[in-house]
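Student: One structure coming up, written as structure tokens, with questions to follow.
2 protein chains.
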Amino acid sequence: MAIDFTLLKTCRQTGARLGRLTTPHGVIDTPVFMPVGTQATVKTLTPAHLEEIEAQIILSNTYHLYLRPGHDLIRRAGGLHNFMHWDKPILTDSGGFQVFSLNDLRKIREEGVEFRSHIDGSLHFLSPEKAIEVQNALGADIIMAFDECAPYPAERRYVEDSLARTIRWAERCKKAHRDTERQALFGIIQGGMFNDLRARSVEATVEIGFPGYSLGGLSVGEPKPLMYEVLESTAPLLPKDKPRYLMGVGSPDCLVEGALRGIDMFDCVLPTRIARNGTALTSFGKVVVRNASCAEDFSPIEPGCDCYACRNFSRAYIRHLIKADEILGLTLISIHNLRYLVRLMRDLRLAIAEDRSGDFARAALAKLQAGE
Amino acid sequence: MAIDFTLLKTCRQTGARLGRLTTPHGVIDTPVFMPVGTQATVKTLTPAHLEEIEAQIILSNTYHLYLRPGHDLIRRAGGLHNFMHWDKPILTDSGGFQVFSLNDLRKIREEGVEFRSHIDGSLHFLSPEKAIEVQNALGADIIMAFDECAPYPAERRYVEDSLARTIRWAERCKKAHRDTERQALFGIIQGGMFNDLRARSVEATVEIGFPGYSLGGLSVGEPKPLMYEVLESTAPLLPKDKPRYLMGVGSPDCLVEGALRGIDMFDCVLPTRIARNGTALTSFGKVVVRNASCAEDFSPIEPGCDCYACRNFSRAYIRHLIKADEILGLTLISIHNLRYLVRLMRDLRLAIAEDRSGDFARAALAKLQAGE
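Right, dumping it as structure tokens:
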């Protein structure tokens with residue numbers, strides 16, 4: 059098997075799990091936050107920055123890389139690790155989420171999805187087999203089954219049909235993925251906000267059998283309490299000895315709440331996306347560095363933070379860079395935002411190890427809320 | 059005195075000089091190329107990148123910093139070194155070049171220049187005294203007198219009047235600059251393409267007396283051979299024991315040709331500006347990484363280069379980044395371009411030390427030309 063997951067312990071205060079995930083490119087301590095490098099780069103950062111931040115694993119997007127520069131080019135470059143010079147673990151999604159998001163530009167059939175490129179309008183076809191072929195060429199340590207992420211809100215009937223197809227596609231993905239020693243294929247749990255459909259999804263997907271399970275179709279517009287409820291009803295149904303990945307989540311509070319409910323892996327574009335709007339994430343809530351209030355503020359983004367931005371630069375300087383359209387401003391906030399989430403997960407892991415994740419979460423969430 | 063210049067030797071083959079310039083923030087080996095950080099940042103790079111590149115000194119622009127974020131803010135931040143977290147030497151220009159470039163937006167008087175901001179159209183006034191006041195607040199190791207850079211081509215009569223005013227302004231700058239222990243004020247030689255006016259400028263400016271001399275009004279559109287001719291007639295008139303800075307130059311061939319004619323310091327936006335167009339500078343000429351010819355080229359920008367970009371990334375990857383509008387592409391080419399010029403100057407210094415700068419220049423220029 060490409061990966062090995064050890065559940066080191068479950069916190070006595072909550073359902074939070076401490077784990078160790080071994081992959082061909084290194085060991086990951088969980089719960090973990092994965093920075094997103096959509097187009098084979100985490101926006102505005104070098105791989106050296108990511109190492110300094112202590113990112114353990116990054117995510118990249120199959121849809122984008124399939125269209126540009128093409129998976130075949132990346133295969134010939136020696137795979138994604140070599141192409142982008144990142145020799146720690148990588149996870150790729152299946153492209154499903156992106157092609158389903160194209161709405162008017164795609165047609166769903168049992169065989170797969172026909173879609174037009176958002177770049178040049180050219181016609182393409184992605185199926186379970188094709189998504190696996192592309193991900194095999196990219197060579198990430200962890201890859202995803204090709205699924206449909208149902209929108210929110212959605213009719214039960216739609217979600218039922220979509221889920222049934224996702225299960226059939228999961229079987230085809232498993233069959234298409236042969237080199238299980240090099241890459242671990244995760245199954246994806248869907249079922250919208252319907253707890254019985256989620257249960258059906260878990261049963262069928264676990265029956266097919268995967269080395270890890272992703273929770274898809276969450277953080278798609280529903281209220282946070284609803285997402286937490288789905289996690290509470292679904293996560294306990296999953297095998298304890300396999301890693302659980304909550305796709306596309308998220309904000310600091312959602313990472314903490316998700317971990318308390320037994321999630322091991324998270325990813326989100328939020329920290330790098332809001333950095334490009336001049337907004338920083340801190341343990342006391344968001345700081346809009348772009349705002350005039352930071353113009354003469356010579357303190358760091360987050361006092362006490364050990365990141366390169368906070369050790370060396372003031373809010374006043376970073377605000378100047380943003381107002382002057384200088385890219386270094388985005389780089390510095392991105393470094394901080396990612397380092398903050400890495401630190402948050404590290405502190406959370408320590409709290410789980412010491413059976414105090416409930417106390418930790420209460421304090422962290424209160425501090426976040428007080429600052430907003 | 060803020061700076062100390064030691065002329066270590068002059069090459070026996072050419073007029074190239076090997077020097078050592080000691081400043082309050084460190085020692086600079088000359089000839090030296092200075093990367094430009096217009097708005098208190100070398101575009102797309104962190105100061106850590108600049109250190110890795112082994113940049114010895116960087117340049118920043120008074121006009122831009124005066125307008126945004128304002129020199130008073132930077133003074134309160136502890137000066138430009140502290141504000142931008144660069145504790146090696148810095149040189150600032152006087153703002154003259156930029157305000158004179160505003161054309162319709164400025165009015166020249168004996169007292170100074172009234173101009174409108176290119177950012178918001180607000181009215182400002184820059185004089186010799188004001189330019190020194192602003193540069194005192196910024197706190198660079200080396201600062202420039204407020205001068206007029208005559209355009210090319212220009213009538214002799216215009217250049218004569220302009221030069222006379224530049225000389226009067228140089229006197230006022232020297233008088234206004236009091237803290238000569240902390241910052242060295244350079245005089246600027248003008249006189250357009252008229253060798254006798256250049257000689258008059260040298261005589262008058264040296265008479266006023268400065269710890270270093272800049273050559274302004276070159277590389278403003280004239281043919282390169284004409285610039286070289288002006289350098290040949292002007293440089294020998296300058297005091298041997300003072301550093302000579304050729305402003306706004308330049309391309310790899312101009313750096314070599316300038317050094318052969320006795321220039322010690324250079325700056326130019328070229329390496330970072332063309333990086334943003336996807337073009338790399340190499341010892342065998344320009345490489346347009348953006349071009350389709352690089353799409354499947356898995357070699358580095360410049361084989362053998364020791365920069366972070368060339369050690370770790372292929373042309374194919376960097377081209378992908380540029381085509382996908384990913385900032386890392388600009389960062390990597392900027393790192394390479396600056397490192398290439400730093401290496402070029404280091405190799406040139408070694409050649410001067412070994413009395414073979416003529417041979418070195420011939421070989422380097424032939425290789426550059428063959429590749430173009």
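If you're matching them up, the sequences are chains V and D in order.
The opening position of the first sequence corresponds to residue 59 in my numbering, with each subsequent residue numbered one higher.
The opening position of the second sequence corresponds to residue 59 in my numbering, with each subsequent residue numbered one higher.
Note that the Cβ used here is the ideal one computed from N, Cα and C, for glycine as well.
Note that the structure is a prediction, hence the values are computed from the model and not measured.
Using a Cβ cut-off of 7 Å (strictly closer), state whether V:Glu360 contacts chain D.
Tutor: No, because no Cβ of chain D sits closer than 7 Å to the Cβ of V:Glu360.
Student: I want to see whether chain B comes within less than 7 Å of V:Pro127, judged by CB atoms only; does it?
Tutor: Of the protein chains in the structure, V and D, none is chain B.
Student: Once you ignore the five residues that flank V:Lys443 on each side, which residues in its own chain have a CB closer than 6 Å to its CB?
Tutor: This structure gives no information on residue 443 of chain V, because the portion of chain V shown stretches from 59 to 430.
Student: For D:Asp87, which of D:Leu66, D:Arg240, D:Gly275 and D:Asp145 has the nearest alpha-carbon?
Tutor: When only C-alpha atoms are compared, the closest one is D:Leu66.
Student: Just to confirm before moving on: does the CB-CB distance between V:Ala317 and V:Pro89 stay below 7 Å?
Tutor: Closer than 7 Å, so yes.
Student: Work out the CA separation of D:Ile200 and D:Gly84 for me, nearest whole Å.
Tutor: Using only the alpha carbons, I get a separation of about 12 Å.
Student: On a CA-only basis, which of D:Thr81, D:Leu76, D:Arg70 and D:Arg75 is nearest D:Met59? Give me that one, please.
Tutor: Measuring from the Cα of D:Met59, the nearest candidate turns out to be D:Thr81.
Student: Where in the region 254-295 of chain V do unbroken runs of the beta strand (DSSP E), each at least 3 residues long, occur, reported from the N-terminal end onward?
Tutor: The qualifying runs are 271-273.
Student: Would D:His235 pass as an interface residue toward chain V - the criterion being a Cβ-Cβ separation below 7 Å?
Tutor: Not one chain V Cβ lies under 7 Å of D:His235.
Student: Taking 8 Å as the threshold, find out whether the region 307-315 of chain D comes into contact with the region 357-369 of chain D through three or more Cβ pairs.
Tutor: No: fewer than three Cβ pairs fall under 8 Å.
Student: For V:Leu379 and D:Ser277, I'd like the C-alpha separation in whole angstroms.
Tutor: C-alpha separation (whole angstroms): 29 Å.
Student: DSSP on V:Tyr303, reduced to helix/strand/coil?
Tutor: Note: V:Tyr303 maps to strand in three-state DSSP.
Student: Look at the alpha carbon of D:Pro269 and the alpha carbon of V:Leu123, and state the distance between them as a whole number of angstroms.
Tutor: C-alpha separation (whole angstroms): 56 Å.
Student: Only counting the same chain, and skipping five residues up and downstream in sequence, which positions put a Cβ closer than 7 Å to that of V:Thr238?
Tutor: Cβ neighbours of V:Thr238 beyond the five flanking positions: Met59 and Ala60.
Student: Would you mind telling me which residues of chain V sit closer than 7 Å to D:Phe437, beta carbon to beta carbon, in chain order?
Tutor: Outside the modelled stretch of chain D, which goes from 59 to 430, sits residue 437 of chain D, for which no answer is possible.
Student: So, for D:Leu103: in the same chain, excluding its five sequence neighbours on each side, which residues have a beta-carbon less than 7 Å away from its beta-carbon?
Tutor: The answer, listed in chain order, is Thr389, Ser392 and Ile393.
Student: When DSSP labels each residue in this structure, what does D:Asp405 get in the three-state scheme?
Tutor: It is helical.
Student: Report yes if the C-beta distance between D:Ala203 and D:Ile246 is below 7 Å; otherwise report no.
Tutor: Yes; because the gap between Cβ atoms is below 7 Å, this pair is in contact.
Student: Bridge partners of D:Gly77, per DSSP?
Tutor: For D:Gly77, which the question treats as bridged, DSSP gives the partners D:Leu65 and D:Thr88.
Student: Whose Cβ in chain D lies nearer than 7 Å to the Cβ of V:Gln97?
Tutor: Here the neighbours are Ala382 and Glu384.
Student: In chain order, which alpha helix (DSSP H) runs of at least 4 residues are fully inside the region 182-262 of chain V?
Tutor: Counting only runs of 4 or more, we get 186-196 and 214-234.
Student: Are there 16 or more other CB atoms within 10 angstroms of the CB of V:Asp364, so buried, or fewer, so exposed?
Tutor: V:Asp364 is exposed by the Cβ-count criterion.
Student: Distance cutoff 7 Å, beta carbons only. Does V:Thr120 sit that close to anything in chain D?
Tutor: For V:Thr120, the answer is no, since every Cβ of chain D falls outside 7 Å of its Cβ.
Student: May I have the straight-line CA-CA distance separating D:Glu168 from D:Lys344, to the nearest angstrom?
Tutor: In a straight line, the C-alpha of D:Glu168 is about 44 Å away from that of D:Lys344.
Student: Which class does V:Lys344 belong to by DSSP, given the choice of helix, strand or coil?
Tutor: Here V:Lys344 sits in strand by DSSP.
Student: Between D:Leu328 and V:Tyr121, what straight-line distance do the alpha-carbon atoms span, to the nearest angstrom?
Tutor: Using only the alpha carbons, I get a separation of about 36 Å.
Student: Give every residue of the same chain whose Cβ lies closer than 6 Å to the Cβ of V:Arg397, excluding the five residues on either side of it in the sequence, and list them in chain order.
Tutor: Only Ile111 and Cys365 meet the Cβ criterion.
Student: Locate the alpha helix (DSSP H) running through D:Thr120, then write down its first and last residues.
Tutor: Element bounds for D:Thr120: Thr120 to Leu125.
Student: Going straight from the alpha carbon of D:Met442 to that of D:Ala419, what length do you get?
Tutor: The shown model of chain D, from 59 to 430, leaves out residue 442 of chain D, and the question about it has no answer.
Student: With distance defined between alpha-carbon atoms, name the residue in D:Lys165, D:Val314 and D:Glu384 nearest to D:Ala424.
Tutor: Checked all of D:Lys165, D:Val314 and D:Glu384; the closest Cα to D:Ala424 is D:Val314.
Student: Hey, how far is the Cα of V:Thr150 from the Cα of D:Lys165?
Tutor: Straight-line Cα distance between these residues: approximately 59 Å.
Student: Beta-carbon separation of D:Phe155 and D:Leu163 under 7 Å?
Tutor: Against a cut-off of 7 Å, the Cβ pair of D:Leu163 and D:Phe155 comes out as no contact.
Student: Alpha carbon to alpha carbon, how far is D:Arg78 from D:Ala198?
Tutor: About 18 Å.
Student: If we cut at 7 Å on Cβ distances, does D:Tyr375 have a partner in chain V?
Tutor: Chain V contact via Cβ: present.
Student: Just verifying my parser: in three-state terms, what is the DSSP assignment at D:Val157?
Tutor: D:Val157 falls in the helix class under three-state DSSP.
Student: Would you call the CB atoms of D:Ala440 and D:Ile266 closer than 7 Å?
Tutor: With chain D covering 59 to 430 only, the question about residue 440 of chain D has no answer from this structure.
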